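Notes follow the structure.
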Amino acid sequence: MFTGLIQDLGRVERVIPGGMTDLWIHTSLGAASFELGESIAVNGACLTVVERTGDSFRVQAAPETLRRTTLGAVKPGDRVNLERALALGARLGGHLVSGHVDAVSEVLETYPEGGSWVMGFRLPEALAPYFIEKGSVAIDGISLTVNTLEADRFRVQLIPETQERTTLKSRGVGAKVNLEADQIGKYVARLFALQRGQGAPGDAGGLTAAAIKAAGFGTP
């Protein structure tokens with residue numbers, strides 16, 4: 007598990023394609039101390055450390071990971087958001103993030119507001135039931151608050167600290183990002199669907215955003 011609080015901006019050193027795609031990433035987190043087999047979130051995708059040397063470490067991305075995330079498009083020199091797995095008993099400063107990316111979204115708009123940076127993203131229909139205004143979302147592994155929510159999009163605001171410590175502000179309109187819906191929202195939606203004798207959200211006759219709203223979620 008992760009918190010969505012980015013610990014370092016890593017730099018991709020090498021991308022080695024094959025049956026498994028290997029990524030060598032440089033970090034200031036002290037890669038030599040990483041345990042082989044430990045989990046690390048790279049742009050929000052949970053990967054396994056399989057080798058480390060000096061200030062760099064290697065992870066492997068399976069074909070499914072490349073299909074479901076933006077990692078298939080990374081290249082040497084790219085900066086990536088890094089977070090090591092949450093230690094039991096540590097402070098949970100963001101929200102519970104599994105590192106299992108739900109979908110690839112895209113940036114629809116960006117603009118400044120005060121000292122913050124507003125970003126709008128496409129909201130995939132299948133994920134809509136899990137989103138509420140002022141709820142949590144992980145974008146490229148970053149824990150953020152859903153400020154405004156519409157049927158097919160949502161917006162977040164980046165404070166200056168987030169702008170400086172993550173890659174997100176550099177993403178322009180049309181850029182692809184990894185999206186993970188709030189895990190608690192997923193369980194609530196699933197339980198509500200089962201109680202109504204329905205299938206999984208997204209199935210025909212399943213849970214809808216309207217049903218969630220009618221149940222009191224996302225309303226004052």
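Counting in our numbering, the sequence shown runs from 7 upward without gaps.
Where a beta carbon is used, it is the ideal one built from N, C-alpha and C, also for glycine.
Treat the numbers as computed from the prediction; the structure is a model and nothing was measured.
Checklist entry - Which first and last residues belong to the alpha helix (DSSP H) in which residue 192 is found? => result For the purposes of this step, residue 192 is identified with residue 186 of the sequence shown, where counting begins at 1. Per DSSP, residue 192 belongs to the alpha helix (DSSP H) from 189-201.
Item to check | Residue burial classification, residue 97 (beta-carbon count within 10 angstroms, cutoff 16) | outcome: Here residue 97 is taken as the residue at index 91 of the sequence shown, counted from 1. Counting Cβ neighbours within 10 Å, residue 97 comes out exposed, since fewer than 16 surround it.
Item to check | Neighbour-count burial assignment, residue 161, 16 or more Cβ in a 10 Å radius | outcome: Within the sequence shown, numbered from 1, the residue matching residue 161 stands at position 155. Residue 161 is buried by the Cβ-count criterion.
Checklist entry - Looking at C-alpha atoms only, which residue of 165, 150, 178 and 191 is the closest neighbour of residue 123? => result Residue numbering aside, residue 123 sits at position 117 when the sequence shown is read from its first letter. Closest by alpha carbon: 165.
Checklist entry - Mapping DSSP to helix, strand and coil, what is residue 115? => result As a first step, residue 115 is located in the sequence shown; it is residue number 109 there, counting from the start. Three-state result, residue 115: strand.
Checklist entry - Which parts of the stretch 63-144 are runs of the alpha helix (DSSP H), unbroken and 4 residues or longer, counting only runs that do not cross its ends? => result 69-74
Checklist entry - DSSP puts residue 45 in a beta bridge; with which residues? => result Residue numbering aside, residue 45 sits at position 39 when the sequence shown is read from its first letter. BP columns for residue 45 point to 54.
Item to check | C-alpha gap between residue 67 and residue 19, whole angstroms | outcome: As a first step, residue 67 must be located in the sequence shown, where it is residue number 61. As a first step, residue 19 must be located in the sequence shown, where it is residue number 13. Straight-line Cα distance between these residues: approximately 15 Å.
Item to check | Inter-residue spacing [alpha-carbon to alpha-carbon] between residue 200 and residue 136 | outcome: Position 194 of the sequence shown, counted from the start, is the residue given in the question as residue 200. Position 130 of the sequence shown, counted from the start, is the residue given in the question as residue 136. Near 15 Å, if we compare the C-alpha coordinates of residue 136 and residue 200.
Next on the checklist: Quick check on this structure: which residue in 134, 153, 147 and 148 has the alpha carbon closest to the alpha carbon of residue 141?
Outcome noted: Along the sequence shown, one-based indexing puts residue 141 at 135. Comparing Cα positions, the closest option is 153.
Item to check | For residue 34, the three-state DSSP class (helix, strand or coil) | outcome: Along the sequence shown, read from residue 1 onward, the residue named residue 34 stands at position 28. Correct three-state label for residue 34: coil.
Checklist entry - In the DSSP assignment, what residue or residues form a beta bridge with residue 14? => result Residue 14 sits at position 8 when you count from the first residue of the sequence shown. Paired residue(s): 88.
Checklist entry - What are the start and end residues of the alpha helix (DSSP H) that includes residue 171? => result If you number the sequence shown from 1, residue 171 lands on position 165. It spans 166-171 - the alpha helix (DSSP H) in which residue 171 sits, taken as one unbroken run.
Checklist entry - Taking the alpha carbon of residue 163 as the point to measure from, which residue in 180, 157, 144 and 181 has its own alpha carbon closest? => result Here residue 163 refers to the residue found at position 157 of the sequence shown. The shortest Cα separation from residue 163 among 180, 157, 144 and 181 belongs to 144.
Item to check | Chain-order list of residues whose beta-carbon lies under 7 Å from that of residue 175 (same chain, five-residue window excluded) | outcome: The residue labelled residue 175 in the question sits at position 169 within the sequence shown. So the qualifying residues of the chain are 123, 164 and 169.
Checklist entry - Per DSSP, residue 186 forms a beta bridge with which residues? => result The residue labelled residue 186 in the question sits at position 180 within the sequence shown. Paired residues: 144.
Checklist entry - Are residue 101 and residue 10 close, meaning C-beta to C-beta below 8 Å? => result Here residue 101 corresponds to residue number 95 of the sequence shown, with the count starting at 1. Here residue 10 corresponds to residue number 4 of the sequence shown, with the count starting at 1. Yes, they are a contact pair.
Next on the checklist: Comparing C-alpha positions only, which one of 41, 36, 182 and 50 sits nearest to residue 125?
Outcome noted: For the purposes of this step, residue 125 is taken as residue 119 along the sequence shown, with counting starting at 1. Selected option, being the one with the closest Cα: 182.
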